[in-house]
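S.K.:
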Amino acid sequence: MNQLVSAVEVAKLLLSYDPEREYFSDNKLISVEEDEVEPTQGNFRINKMLHICQMLHYAKYREPLFFEDLRAYKRGAIVYPIYKGFFNLYRQMLKPEEIQLNPKKKSFISKIYHYFKNYQNEQLEIFSHDDISWKQTWQRENDDDRMIINEENKKFYRDLLSHIVREVEFYQDAPIMNIN
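Be aware that the sequence shown starts at 0, since it is given in numbering that gives the first Met the number 0, and climbs by one per residue.
1) Are the CB atoms of Y156 and M54 within a distance shorter than 9 Å?
2) Report the partner residues of R70 according to the DSSP bridge assignment.
3) Could you give the DSSP three-state label for K104: helix, strand or coil?
4) Which one of Q40, K47, L69, Y60 has the shortest CA to CA distance from L28?
5) Taking only the alpha-carbon atoms, compute the straight-line gap between Y118 and A76 and give it to the nearest angstrom.
6) Using the DSSP secondary-structure output, state which residues sit across from T39 in a beta bridge.
7) With a cut-off of 8 Å on the beta carbons, I'd call F65 and V9 a contact; round off their distance for me.
8) Counting only C-beta atoms, is Y82 closer than 9 Å to chain C at any point?
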């Protein structure tokens, strides 16, 4: 696969699978703490999907899907440019065929979306928090929230997530679509 793409293109593709914005909605997440400002469900979910895509791409291909850094935040990993610019992306009504990505990558991303879209927000957050890279970054004693994917973490992805990659690839709920 060895050609990194932008997380922006991956986010656009994910959003294109939800043209009615039912999954990636602009409803606010329920706050855990009173004084906390929470992202919208859509922003939370797009960042969880991006994180999952990145982890599973590492598990399958031993390399990242996109070149932007993941950052460790309280509710899991985010891609900061996506988190910050979510509503600009949210308002773009694109079709999957309008997104310029390699067909294999599109298929991989489509399968992940259709497999994980039925997960509850809490399940997505737990999945994100179980990432060894997120844990290591969140527990660091400095201000750098950039998640480092070292060889140990890549091995974690390969060893512990390869069964999920297989489940995702054989999941039958993904629609047959022209992904070119």
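Backbone N, C-alpha and C define an ideal beta-carbon position, used for all residues, glycine too.
Just so it is clear, the structure is predicted and the values come from calculations on it, not from any experiment.
M.R.: According to the structure shown:
1) yes
2) I77, R145
3) Reduced to three states, the DSSP call for K104 is helix.
4) Q40
5) Between the alpha carbons of Y118 and A76 lies a gap of roughly 16 Å.
6) K27
7) 6 Å
8) Considering every chain present, this structure includes no chain C. It has just one protein chain.
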